[in-house]
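Residue 13 is where the sequence shown starts when you use this note's numbering, and the numbers rise one by one after that. Each residue gets a CB set at the ideal place from its N, CA and C atoms; glycine is no exception. Right, one structure below, let's go through it.
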Amino acid sequence: MPMTLPYLRLGINVDHVATVRNARGGDYPCPVRAAQLAKDAGADGITAHLREDRRHIRDADIRRLRQEVDLPLNFEMAATAEMRDIALETLPHAVCLVPEKREELTTEGGLDVRGQHNAVAPIVRVLADAGIRVSLFVEADPDQLRAAADIGAAVVELHSGSYCDAPVAEQPALLRRLQDAAALTAELGLECHVGHGLTYDTVGPIAAIPQAVELNIGHFLIGEAMFVGLGPAIQKMRVAMDAGRALALSQAGRA
Ligand code: PXP
Numbered sequence: 013m014p015m016t017l018p019y020l021r022l023g024i025n026v027d028h029v030a031t032v033r034n035a036r037g038g039d040y041p042c043p044v045r046a047a048q049l050a051k052d053a054g055a056d057g058i059t060a061h062l063r064e065d066r067r068h069i070r071d072a073d074i075r076r077l078r079q080e081v082d083l084p085l086n087f088e089m090a091a092t093a094e095m096r097d098i099a100l101e102t103l104p105h106a107v108c109l110v111p112e113k114r115e116e117l118t119t120e121g122g123l124d125v126r127g128q129h130n131a132v133a134p135i136v137r138v139l140a141d142a143g144i145r146v147s148l149f150v151e152a153d154p155d156q157l158r159a160a161a162d163i164g165a166a167v168v169e170l171h172s173g174s175y176c177d178a179p180v181a182e183q184p185a186l187l188r189r190l191q192d193a194a195a196l197t198a199e200l201g202l203e204c205h206v207g208h209g210l211t212y213d214t215v216g217p218i219a220a221i222p223q224a225v226e227l228n229i230g231h232f233l234i235g236e237a238m239f240v241g242l243g244p245a246i247q248k249m250r251v252a253m254d255a256g257r258a259l260a261l262s263q264a265g266r267a
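Next comes the structure, spelled out in structure tokens:
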């Protein structure tokens, strides 16, 4: 029997459409319109991060993305009471809990699920009880994965930033770490997503990870959209993902 792999979903993060909009304080360009274009281009989901300081996505964007875009919404948020209440009111398809520091440029590092067990576990429980699929954004670290499984998360998103941003010579070791972590997610019964820093150049080996079922990609695609348009950028990413997945299958067939 030929080997098959699960379909690899592509979630588009529209935060940086809002970054450009907020540079002038008005309503243009609109992240909801970007999400609709992403759907037309074949995206499988929309991701948006409502940060504590509202530096890009605003509360109204989250409500509109939920109500007006016919794709699953993955609501990224810090594990705080304020964000928990917004999630319970909005009821997105999924929540991804991320660490957040006001001074950071982007989400630096994964959530310390082990160290913050007492803060994270009750939020995971209340969101899951509301029917929301809860994901934890973590480093490719076995202890963090075990802690995620222990507190009942359904999903982990592995942080691919270190791999994507590393010098080429250092990438194989960092990729291996992600591959090993993905294999562990399967043993622990966790669904495996991957995200952060992905580009056309780095997505292939990540798409080839057999346990991965969703990639979340934002900054690079919104940047590319300035040059080629959002639809073509997303379609090209889809092609790169499919090529990575196909290579994994052919290598498995030859093994
Ligand atoms: N996944 C998570 C959990 C993130 O925090 C981010 C960045 O907001 C992304 C994916 C997307 O990363 P990038 O914008 O670098 O593609």
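Output needed for residue i: all residues of its chain with C-beta closer than 7 Å, excluding positions within five of it in sequence on either side, in chain order.
{"i": "Pro-84", "result": "Gly-57, His-105 and Ala-106"}
{"i": "Val-126", "result": "Here residue 126 is Arg; the residue named in the question, Val, does not match the sequence. Excluding residues within five positions, the ones whose Cβ falls inside 7 Å are Asp-155, Gln-156 and Ala-159."}
{"i": "Arg-250", "result": "Leu-22 and Gly-54"}
{"i": "Ala-195", "result": "Gln-223"}
What is the residue span of the alpha helix (DSSP H) that residue i lies within?
{"i": "Met-249", "result": "242–266"}
{"i": "Glu-80", "result": "71–80"}
{"i": "Pro-43", "result": "43–52"}
{"i": "Thr-102", "result": "93–102"}
{"i": "Pro-134", "result": "129–141"}
{"i": "Asp-213", "result": "212–219"}
{"i": "Val-180", "result": "Segment: none, Val-180 is in no alpha helix (DSSP H) and carries neither H nor E."}
{"i": "His-28", "result": "27–36"}
May I ask which residues mark the beginning and end of the beta strand (DSSP E) holding residue i?
{"i": "Leu-157", "result": "Not the beta strand (DSSP E): Leu-157 falls in the alpha helix (DSSP H), residues 154–162."}
State the beta-bridge partners of residue i as determined by DSSP.
{"i": "Ala-60", "result": "Phe-87"}
{"i": "Glu-226", "result": "Arg-21 and His-205"}
{"i": "Val-167", "result": "Ser-147 and Glu-203"}
{"i": "Val-107", "result": "Phe-87 and Val-146"}
When we look at the beta-carbon of residue i and count the other beta-carbons within 10 Å, is it buried (16 or more) or exposed?
{"i": "Ser-172", "result": "buried"}
{"i": "Met-238", "result": "exposed"}
{"i": "Ala-91", "result": "buried"}
{"i": "Leu-117", "result": "exposed"}
{"i": "Ser-147", "result": "buried"}
{"i": "Asp-73", "result": "buried"}
{"i": "His-205", "result": "buried"}
{"i": "Gln-79", "result": "exposed"}
{"i": "His-129", "result": "exposed"}
Taking only heavy atoms of the ligand PXP into account, decide whether any of them is closer than 6 Å to the Cβ of residue i.
{"i": "Glu-236", "result": "no"}
{"i": "Phe-87", "result": "no"}
{"i": "Val-32", "result": "no"}
{"i": "Gly-207", "result": "yes"}
{"i": "Ile-229", "result": "yes"}
{"i": "Glu-169", "result": "yes"}
{"i": "Cys-108", "result": "yes"}
{"i": "Asn-130", "result": "no"}
{"i": "His-61", "result": "yes"}
{"i": "Thr-211", "result": "no"}
{"i": "Thr-16", "result": "no"}
{"i": "Thr-214", "result": "no"}
{"i": "Phe-149", "result": "yes"}
{"i": "Thr-119", "result": "yes"}
Could you pull out every residue in the same chain whose Cβ sits closer than 8 Å to the Cβ of residue i, ignoring the five residues on either side in sequence?
{"i": "Arg-66", "result": "none"}
{"i": "Leu-259", "result": "Gly-216 and Ala-220"}
{"i": "Tyr-19", "result": "Val-225"}
{"i": "Cys-42", "result": "Val-29 and Arg-33"}
{"i": "Leu-202", "result": "Leu-157, Ala-160, Ala-161, Ala-165, Ala-166, Val-167 and Val-168"}
Looking at the C-beta of residue i, does it have a partner C-beta in chain D at a distance below 7 Å?
{"i": "Phe-87", "result": "In the displayed structure, chain D is absent; only one protein chain is listed."}
Quick one: what's got a C-beta closer than 6 Å to residue i's C-beta in the same chain, skipping five residues either side?
{"i": "Thr-119", "result": "Val-110"}
{"i": "Asn-25", "result": "Thr-59, Asn-228 and Gly-230"}
{"i": "Leu-283", "result": "No information on residue 283 is available, as it lies outside the stretch 13 to 267 that the chain covers here."}
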